[in-house]
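>
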Amino acid sequence: MTNTETLLSVQNLSVAFGRTGEQQSQVVHEVSFDITAGEKLALVGESGSGKSVTAMSILGLHDPSQTNYPTGEIKFQGMNLLKLDDAALRRVRGREIAMIFQEPMTSLNPVYTIGDQLTEPLILHQDISKEQARQRAIELLDRTGIVEPHKRIDAFPHMLSGGQRQRVMIAMALACSPKLLIADEPTTALDVTVQAQIIELLEDIQNEFGMAVLMITHDLNMVRRFAKQVCVMQHGKIVEQATVDQLFAQPQHEYTKRLLDSQPKCLIEQTSAEQRQSWPTVLNTESLRCYFQIKAGFFRRQVGEVRAVDNISLTLRQGETVGIVGESGSGKTTLGMCLLRLQDCEGSIIFNGQDLQQIKSREMRPLRQHFQIVFQDPFSSLSPRMTIEQIIREGLEIHFPEQTAEQHRERILKVLDEVGLEESMLWRYPHEFSGGQRQRIAIARAVVLEPKVIMLDEPTSALDVSVQKQVLELLVDLQRKHNISYLFITHDLAVIRAMAHRIIVMKSGQLVEEGETEPLFTAPQQDYTRLLLQASLYREAQ
Amino acid sequence: MTALKLKPDVLTQRAWRRFKANRRGYVSLWVFSILFLLSLFAEVLSNDKPLVVYYESGLYFPLFKSYPETTFGGDFDTETDYTDPYVKTLLKKGSNWAIYPLNPYSYETINYFTKHPNPAPPSTDNLLGTDDRGRDVFARLIYGFRLSVLFAFVLTLIGIVLGVVAGALQGYLGGRFDLFAQRLIEIWGSMPELYLLIIFASLFEPSVLLLIILLSLFGWMGLADYVRAEFLRGRNMDYVTAAKAMGVSHRSIMFRHLLPNSMTPVITFLPFRISAAIMALTSLDFLGLGVPPTTPSIGELLAQGKENIDAWWLSMTTFGVLVGTLVLLIFIGEALREAMDIRRG
Chain B
4 MTNTETLLSV QNLSVAFGRT GEQQSQVVHE VSFDITAGEK LALVGESGSG
54 KSVTAMSILG LHDPSQTNYP TGEIKFQGMN LLKLDDAALR RVRGREIAMI
104 FQEPMTSLNP VYTIGDQLTE PLILHQDISK EQARQRAIEL LDRTGIVEPH
154 KRIDAFPHML SGGQRQRVMI AMALACSPKL LIADEPTTAL DVTVQAQIIE
204 LLEDIQNEFG MAVLMITHDL NMVRRFAKQV CVMQHGKIVE QATVDQLFAQ
254 PQHEYTKRLL DSQPKCLIEQ TSAEQRQSWP TVLNTESLRC YFQIKAGFFR
304 RQVGEVRAVD NISLTLRQGE TVGIVGESGS GKTTLGMCLL RLQDCEGSII
354 FNGQDLQQIK SREMRPLRQH FQIVFQDPFS SLSPRMTIEQ IIREGLEIHF
404 PEQTAEQHRE RILKVLDEVG LEESMLWRYP HEFSGGQRQR IAIARAVVLE
454 PKVIMLDEPT SALDVSVQKQ VLELLVDLQR KHNISYLFIT HDLAVIRAMA
504 HRIIVMKSGQ LVEEGETEPL FTAPQQDYTR LLLQASLYRE AQ
Chain A
81 MTALKLKPDV LTQRAWRRFK ANRRGYVSLW VFSILFLLSL FAEVLSNDKP
131 LVVYYESGLY FPLFKSYPET TFGGDFDTET DYTDPYVKTL LKKGSNWAIY
181 PLNPYSYETI NYFTKHPNPA PPSTDNLLGT DDRGRDVFAR LIYGFRLSVL
231 FAFVLTLIGI VLGVVAGALQ GYLGGRFDLF AQRLIEIWGS MPELYLLIIF
281 ASLFEPSVLL LIILLSLFGW MGLADYVRAE FLRGRNMDYV TAAKAMGVSH
331 RSIMFRHLLP NSMTPVITFL PFRISAAIMA LTSLDFLGLG VPPTTPSIGE
381 LLAQGKENID AWWLSMTTFG VLVGTLVLLI FIGEALREAM DIRRG
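Protein sequences appear in the order of chains B and A. FYI, the working numbering numbers position 542 of the first sequence as 545, with every residue one higher than the one before it. FYI, the working numbering numbers position 297 of the second sequence as 377, with every residue one higher than the one before it.
Following this line, the structure appears as structure tokens:
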């Protein structure tokens, strides 16, 4: 099946945005790579490295009035795709080269059933009747692992889960048996266990259909698992090109080394459970429950309930990090909201010796100084119309009203220095910063109040790996300096292993397993934990 | 400390720079500001009373004080009518002199001495002619412009305050309050505004204040809808949760976090609201339901232009002033919108 004939050859490709004659910004610089038939190539790089732009230009998906190709050519089976007219290009798209996108939520049209969307390329490219197309669509859905495909074919996208939608996307891509499949971060938006399934599916299908796959990703674990050849991109250039084994064994380029090194290693000092016994407890909950009622009908009768948090008890000591791990929908964020009293719940929450459930929301306000939160998405957690100084100052004005504006300012400058930002950034707005810088601002906003506990809700999931490592190091550094306790909510097991003293594994609102970090990773007691570990750390073992 | 003081200046400077980047809006702002400033001093520019009178080695200021005709050697004890040719000759006699405003007519001065029948075409006496009662069109336009713009500003301000407060409360509190307020707005919004105005115009003495109150009662609903939607969207954002976790009070969340992020519809609709307010006053006056007849009003002039279709100086000039004002306001609003967009750097 291995065919050495070159299928796609990208030579000296440069891509620039902006109209000709005006200011242009070149985002891809003289990129070259070849894909032979049946090969699996990965383009790796951080966000903004130009990997998606390169892939999009293969299919000519950029707006032609805004895009220029100063140099280079893209040869697909001898045709230069850059020179093709629209009609010829359309014949290549879908039939010869198919693409799957990152966001399965938005890449399916919500007003059509998946059957409509699946049969469309079949009828378009293969000239078959509606009935035949429907039959073929059901086969494809079956092949991509959708249960009861003959029923599911009439479902609308919102009725499917994220993993199912990505399967539908793959089925659509396979519809015309393309020779090349471009997968742009196909698993980034999915849960770890689902990610593993999708990768397995892609591998199976690749074997069966013998097509070439161009995988675009930032996830090195996935590259190692899936690809044979790797191109590492940085600032629009390919800095290193090698086989997977070579690259991971002997990285040549500085940047590749840094990327490989940015996999988080253990960042905290190892302490035994006995040692930590002596640390004072700051937060303790007993059988915390948060049920959402499902009401239906005219009289709003209760027909059921969702147990988002079901009987969770946890203890957090001063200076300790407790990781809360689970897939999306496991209730870990709801648990965090309950602890902050931003969500009503039952059970007791003892914080700093006070039962938070007993006090009124007005009395809660002064306590909030000691219990802060950092969110996942640094783009929506900072108010876009407030300057950085206003954002950090706000909490000080509430909790330290006796201090003067100058004292506030001193504290702001001190905390900025601590999180590694400059004074000149104070009068700028959040949109002028990168994701990592924004996350630092969010951390500064929490730390400036000198809290006892900070809840970190997936603080690094939206960041690039190298930035992720810097932010994690900053967090550990702050913990050591100020003796802060962290509640670290995440789905990323590699991150939590580096950060947490203890870990709680949650599944559908319930606590599955609880224990010290290393024992839990090396010898998990529960099946679900084992499944999670397998799915996410499948390369860690090597 | 210096840096502390610096901060707001930097931000306003940046906003001002963005505003200036829109040349059309910037020029419009200058033109409009000069015209509006001049119209605020309409009494000095266009009046039938002299600014200063020098009479028998005494200085008089008729603009600010009323003097009986006997002061200037006339016959009556009533206030001097300075348009009277007899009084004019008295003020020019010997070493006496008087300085008149540039346009020697007020908005209700009737020129009894025009050489043409009313409405009189433009002449050296009346630069833009007179209306059908012999009043100077230029004077009426200056006063009418001032009234329209002031009226529009007040009406827009009231509408924005009511609309933002109502929309903010609905969007932020949500739930039952939102439900009831929304129904109330639907009922209130389905009331026939124009009929109510006609009814009230016959019940009460028509006045500018009455018009402002009546139009304000209905003018806030459209904006409230948009602000409500912005607040509904905003209150679930992470930065609001972050503020709550920080212990920020509800009022502070509404006004410091949500309001600045909900100003887009307010700013976007601002120029249209001001023009709509001017148009509302103009059309009510045109229909004869607006301000009392003696008040200088653009709508009333338009109505006269319709009655006297061959008196082109009535309709054309009024039309010009009206269109010019609206165009200037729209251009300024456009630049303002760009200035408020912090993403423009």
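Idealized CB from N, CA, C, for every residue including glycine.
Within 7 Å of any Cβ in chain B, is that where the Cβ of Tyr319(A) sits?
Yes, because at least one Cβ of chain B sits closer than 7 Å to the Cβ of Tyr319(A).
> Quick one: what's got a C-beta closer than 6 Å to Ile126(B)'s C-beta in the same chain, skipping five residues either side?
Result list for Ile126(B): Ala136, in chain order.
> State the start and end residues of the unbroken beta strand (DSSP E) segment that holds Asp187(B).
That run of the beta strand (DSSP E) goes Leu183 to Asp187.
> For Lys54(B), which residues of its own chain have a beta-carbon under 7 Å away from its beta-carbon, when the five flanking residues on both sides are left out?
Same-chain partners within the cutoff: Leu46, Gly48, Ile219 and Met236.
> Which chain A residues sit within Cβ distance under 7 Å of Ala388(B)?
The amino acid occupying residue 388(B) in the given sequence is Arg; Ala does not appear at that position. The contacting residues are Pro340, Asn341 and Ile422.
> With a 10 Å radius around its C-beta and 16 neighbouring C-beta atoms as the bar for buried, classify Tyr115(B) as buried or exposed.
The residue is exposed, with fewer than 16 neighbouring Cβ atoms inside 10 Å.
> Candidates Phe411(A), Leu408(A), Ala323(A) and Met359(A): which alpha carbon is nearest Gln372(B)'s?
The candidate whose alpha carbon is nearest that of Gln372(B) is Ala323(A).
> Taking only beta-carbon atoms, is Arg368(B) less than 7 Å away from chain A?
Chain A contact via Cβ: present.
> Work out the CA separation of Tyr252(A) and Lys145(A) for me, nearest whole Å.
Cα to Cα, Lys145(A) sits roughly 54 Å from Tyr252(A).
> Identify which residue in Pro373(A), Arg336(A) and Thr362(A) has its Cα closest to the Cα of Thr390(B).
Of the candidates Pro373(A), Arg336(A) and Thr362(A), the one whose C-alpha sits nearest the C-alpha of Thr390(B) is Arg336(A).
> Taking C-alpha atoms, which residue in Val309(B), Gln105(B) and Ser290(B) lies nearest to Lys298(B)?
For Lys298(B), the nearest C-alpha among the options comes from Val309(B).
> For Glu414(A) and Phe225(A), I'd like the C-alpha separation in whole angstroms.
Rounded to the nearest angstrom, the two C-alpha atoms are 21 Å apart.
> Could you tell me the boundaries of the beta strand (DSSP E) in which Tyr489(B) lies?
Tyr489(B) -> beta strand (DSSP E) spans Ser488 to Thr493.
> So Met225(B) and Ile202(B) are in contact, right, with Cβ under 8 Å, and what is the actual spacing, rounded?
Rounded, the Cβ-Cβ distance is 6 Å, consistent with contact.
> For Ile415(B) and chain A, any beta-carbon pair shorter than 7 Å?
Not one chain A Cβ lies under 7 Å of Ile415(B).
> Apply the 10 Å Cβ neighbour rule to Thr307(A) and answer buried if 16 or more other Cβ atoms are within range, or exposed otherwise.
According to the sequence shown, residue 307(A) is Val rather than Thr. Buried, because 16 or more other Cβ atoms sit within 10 Å of the Cβ of Val307(A).
> For chain A, is any of its Cβ atoms less than 7 Å away from the one on Gly332(B)?
So, not an interface residue.
> Could you have a look at Ala178(B) and say whether DSSP puts it in helix, strand or coil?
If DSSP states are grouped into helix, strand and coil, Ala178(B) belongs with coil.
> Can you list, in chain order, the residues of the stretch 397 to 411 of chain B whose Cβ is nearer than 8 Å to any Cβ on chain A?
Answer set for the stretch 397 to 411 of chain B: Glu397, Gly398, Ile401, His402, Ala408 and Glu409.
> Are Leu452(B) and His485(B) touching if we call contact CB-CB under 7 Å?
Going by C-beta atoms, Leu452(B) is not nearer than 7 Å to His485(B).
> To the nearest angstrom, how far is the alpha carbon of Ala186(B) from that of Thr109(B)?
Each residue's alpha carbon lies about 15 Å from the other.
> Run through chain B and tell me which residues come within less than 8 Å of Leu91(A), C-beta to C-beta.
Near Leu91(A) (Cβ distances below 8 Å), the residues of chain B are Thr390 and Trp430.
> DSSP three-state call for Arg505(B): helix, strand or coil?
In the structure shown, Arg505(B) sits in a strand (DSSP, three-state: E or B).
> What is the C-beta distance between Leu262(B) and Leu319(B), in whole angstroms, given that I count them as a contact (C-beta under 8 Å)?
Actually they do not touch by this definition, with Cβ atoms about 34 Å apart.
> As an exercise, report each continuous alpha helix (DSSP H) stretch of at least 4 residues that is fully enclosed by the stretch 122 to 176 of chain A, in chain order.
DSSP runs (the alpha helix (DSSP H)) wholly in the stretch 122 to 176 of chain A: 122 to 125 and 165 to 172.
> Tell me which residues share the same chain as Ile179(A) and place their Cβ nearer than 7 Å to its Cβ, disregarding the 5 neighbours each side in the sequence.
Once the five neighbours on either side are set aside, the close Cβ partners of Ile179(A) are Pro130, Leu131 and Val132.
> Below 8 Å on the Cβ atoms is my guess for Leu92(B) versus Ser60(B); work out the distance and round it to an integer in Å.
About 12 Å; that fails the 8 Å criterion.
> Identify the residues that DSSP records as bridge partners of Phe20(B): which are they?
Answer by DSSP bridge pairing, in chain order: Ser28(B) and Thr70(B).
> Going along the chain, which unbroken runs of the alpha helix (DSSP H) with 4 or more residues stay wholly within the stretch 242 to 280 of chain B?
Listed in chain order, they are 247 to 252, 257 to 264 and 276 to 280.
> Do the stretch 83 to 98 of chain B and the stretch 270 to 279 of chain B make contact, defined as three or more Cβ pairs closer than 8 Å?
Too few Cβ pairs lie closer than 8 Å, so no.
> Lys510(B) bridges to which residues according to DSSP?
DSSP, once it has assigned bridges, lists Gln513(B) as partnering Lys510(B).
> Taking only beta carbons into account, state which residues of the stretch 371 to 388 of chain B come closer than 7 Å to chain A, listed in chain order.
Against chain A - using a Cβ distance shorter than 7 Å - the residues of the stretch 371 to 388 of chain B are Arg371, Gln372, Gln375, Ile376, Phe378, Asp380, Ser383, Ser384, Leu385, Ser386, Pro387 and Arg388.
> Looking at chain B, is there any beta carbon in it that lies within less than 7 Å of the beta carbon of His330(A)?
Judged by the 7 Å Cβ criterion, His330(A) is not in contact with chain B.
> Which same chain residues end up closer than 6 Å to Val171(B) when comparing Cβ atoms and leaving out the 5 residues on each side of it in sequence?
So the qualifying residues of the chain are Ile117.
> I want to see whether chain B comes within less than 7 Å of Lys145(A), judged by CB atoms only; does it?
Not an interface residue.
> Would you identify the three-state DSSP class for Leu143(B), choosing helix, strand or coil?
Three-state result, Leu143(B): helix.
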